[in-house]
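Each protein sequence line maps, in turn, to chains A and B. The opening position of the first sequence corresponds to residue 1 in the working numbering, with each subsequent residue numbered one higher. The opening position of the second sequence corresponds to residue 1001 in the working numbering, with each subsequent residue numbered one higher. Even glycine gets a Cβ: it sits at the ideal position worked out from N, Cα and C. This report concerns only the one structure given below.
Protein chains: 2
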Amino acid sequence: MVTIKDIARRAGVSPSVVSRALNNKYGVKESTRQLIKTIAREMNYYPNAAARRLVTRKSDMIGVMMADISEPFYTQIIKGMEYVASQAGYTLLFSNSYDNLKKTNVLQKMIITENVDGLVIVGSNRQDTGFTDLLLEKKIPFVLIERNIQHEKVNCIWIDNKKAAYTATKFLIEKGHRKIAHIAGNLKNQVAIDRLAGYEEALKESGLPKADCLVFEGNFVCADGYRAMQAILSMHPDCTAVFVANDSMAYGALQAIHEAGLAVPKDIAVVGFDDLEFSAFTNPPLTTIRQPRYQMGKKSMQILSKILQGKEKNGINLCLPFELVVRNSA
Amino acid sequence: MVTIKDIARRAGVSPSVVSRALNNKYGVKESTRQLIKTIAREMNYYPNAAARRLVTRKSDMIGVMMADISEPFYTQIIKGMEYVASQAGYTLLFSNSYDNLKKTNVLQKMIITENVDGLVIVGSNRQDTGFTDLLLEKKIPFVLIERNIQHEKVNCIWIDNKKAAYTATKFLIEKGHRKIAHIAGNLKNQVAIDRLAGYEEALKESGLPKADCLVFEGNFVCADGYRAMQAILSMHPDCTAVFVANDSMAYGALQAIHEAGLAVPKDIAVVGFDDLEFSAFTNPPLTTIRQPRYQMGKKSMQILSKILQGKEKNGINLCLPFELVVRNSA
DNA sequence: TTGTAGGCGTTATCAC
DNA sequence: GTGATAACGCCTACAA
């Protein structure tokens, strides 16, 4: 392994000069700096992160936590994060926290063992809370995606789910639908609650009866949408539209409708939420609410990076715009 | 920050005893070990990974490289890796290598800077080669997914893409199709080459003419499948079936067929490759080749973990079974 | 069974 | 501008 000592020897200087030269710090003659950099390149030198972290107490790592890294909803967020992180010189450390965040100690491990400089936590599970206190206490900057917490030290990136759901439902109402079902997400999640609320508000505003029996809860996955739609079709044959809390479930719903021999949107109109990549390729292409997922990821890293550089202070609350993408399913 | 010194002080022993106790090494009285562990828990102690890595020269980290972490093909692989890694106490370090592996220095960084104990590299881009030499030289164990290299020190996990493609095409032929197009993947990738070869072999064996003009190349993404299918429909209206090199492109193809007002499988039969989660929810549900992606991920980590423990030797070549999943698109 | 001492590669402090 | 020197937290001979 090539170390700064080796370079120092070759350059005829001391290790400390090498360190300063390589880190672009002041107090090194330009010519020696160039010499050292050349030698470092020649010797194929790469710094030892462990040694550096040990003394600087910084890791240039950002921890990223989410419920399930394999969910398609997250991929663009991750990509956005990656993009900024790699440019800013940060390494991303992912963790799936399938269970309750509090129960696990992944957070402790990330903070204490791995010494991450900051964290991004994606998700709105209302049981995952309290970890903010730990983070605040340790003074580790963090960004919450899909949450909107009013706190002068907490950074949040979110979209107005209630308004988005309202917009989607309103769209169906304006198309003339009167009996509109809702396939909700897991109501332990704030986003599911908000989307349900938006749906209900639109109904109420239009004087349509709010019927609990028209709301079905799933867990954001295809299969749940499929089952929920089957239930709707059999229990409410007069239902002409459905607003689904996310696209994955909407795919399942489309499937159930097709299998029942019905047509979309003629017999049943469907509106989803998220605008996943495949939503343009369903049959028919899905009308849905677009979330700026890539932007969410990018922004989260940009915020964190600025805070870590001291160019920005904690307490950023960013509400990103959504958009109703009208395709052919409604 | 709580260190082993703090624990040592509280327990009235020396730091080395604490280290041995916490790492379950021999030479510590059972009662003191228990005492130390209790104190460590009370003090909320977590070891400093940087310090440990510096002295042990191991990181308990596995580097994972793939072309694009946001591709749905990878998600189940990642999940499988995660599952085993978290149990075995390894942390996964991801890297997108959008470009040519050689050009970037991510590999060097992973190996030298981060000191990963092992690597998993997913992908079959034939330009990404030569890195094996570096890895072999550094004696870092690694597993290649989607590659089949015969080398006594290289570990590979793959499926027989040629045979799978042959199976898919044969299936179409047996259904009576005589003019079958192929939407190939990016032919810089071995898997795309193999799938094309399997397709051609099936045609040849059945005495069907091999027509280059029936093969279209895409880059494994929806949009390319869509465009390719449009081209096929306009250039070969007598074509009755298409074998697509991956599901993402098959989604695009289905879309193009629908838009042309044709029915699947009545007018055009479609067979995909991968069996992504959504393939059961397309319209009609996609007939495709299932790759055991979750297994691939799991196996890769199991192999690496065993090799790192010295329970297994390098040179493992694992060919996993594929499966033709017949749904309704063909 | 326990303690001491040295060192892993790097950065930071303070002389020169 | 440069060079000793002392950490950072942990592990591991080796000594007691």
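Bridge pairing for C1156/B: L1144/B and N1317/B [DSSP]. Close to P1072/B, with beta-carbon spacing below 7 angstroms, are these residues of chain A in chain order: P72. S1016/B and K1005/B have their C-alpha atoms some 9 angstroms from each other. The straight-line gap separating the alpha-carbon atoms of N96/A and L107/A is approximately 11 angstroms. Per DSSP, the continuous beta strand (DSSP E) segment holding A269/A begins and ends at A269 to D274.
In this structure, DSSP gives S1206/B a state outside helix and strand, which the three-state scheme calls coil. With distances taken between CA atoms, L1304/B lies nearest to N1155/B out of D1194/B, L1035/B and N1155/B. Nearest in C-alpha terms to A1050/B, of all of M1043/B, A1197/B and K1058/B, is K1058/B. In summary, E137/A is exposed, with fewer than 16 beta-carbon neighbours lying within 10 Å of its beta-carbon over all protein chains present.
Contacts with chain B at 8 angstroms (Cβ-Cβ) include G252/A. By the CB criterion at 8 angstroms, V1120/B and V1064/B fall inside the cutoff. Closest by C-alpha distance to N1219/B, out of A1269/B, I1193/B, C1239/B and M1249/B, is M1249/B. Positions of the beta strand (DSSP E) runs, each at least 3 residues long and wholly inside the stretch 26-106 of chain A, are given as 61-66 and 91-96 in order along the chain. Nearest in C-alpha terms to M61/A, of all of E42/A, R41/A, F73/A and E82/A, is E82/A. Using a Cβ distance threshold of 8 angstroms, G1198/B and N1161/B count as a contacting pair. CA-CA distance, I173/A to A211/A, rounds to 15 angstroms. Residues of the stretch 1251-1281 of chain B that bring their beta carbon within less than 8 angstroms of a beta carbon in chain A comprise Y1251, G1252, L1254, Q1255, H1258, E1277, F1278, A1280 and F1281, in sequence order.
For L92/A, the neighbours in chain B by C-beta distance under 8 angstroms run, in chain order, F1094.
Judged by DSSP secondary structure, L233/A falls within the alpha helix (DSSP H) whose first and last residues are C222 to M235.
A straight-line Cα-Cα distance of about 18 angstroms links K1153/B and I1111/B. Note that the C-beta distance between V122/A and E146/A is below 8 angstroms. Taking the Cα positions, Q1291/B is about 14 angstroms away from L1318/B. Rounded to the nearest whole angstrom, the CA to CA distance from G27/A to I1007/B is 40 angstroms.
Counting of Cβ neighbours within 10 angstroms places Q1076/B among the buried residues, the total reaching 16 or more. DSSP, read as helix, strand or coil, puts L22/A in helix.
In the DSSP assignment, no residue is bridged to F1131/B. At a cut-off of 8 angstroms between beta-carbon atoms, K1138/B makes no contact with chain A.
Collapsing the DSSP output to three states places L1187/B in coil. For G1297/B, no beta strand (DSSP E) run applies; the uninterrupted alpha helix (DSSP H) run containing it begins and ends at R1293 to L1308, by DSSP. For N283/A, the chain B residues whose Cβ falls inside 8 angstroms of its Cβ are L1254, Q1255, H1258, T1282 and N1283, in order along the chain. The beta carbon of R10/A sits no closer than 8 angstroms to any beta carbon of chain B. What I69/A touches in chain B, judged by beta-carbon distance under 8 angstroms, is T1075, I1078, K1079 and E1082, going in chain order. Considering only beta carbons, the part of the stretch 1037-1049 of chain B lying closer than 9 angstroms to chain A consists of N1044, Y1045, Y1046, P1047, N1048 and A1049, in chain order. When DSSP reads this structure, T1288/B sits in a beta bridge with G1272/B and V1325/B.
Judged by DSSP in its simplified three-state form, L262/A adopts coil rather than helix or strand. Here the alpha carbon of I183/A sits roughly 30 angstroms from the alpha carbon of P1265/B.
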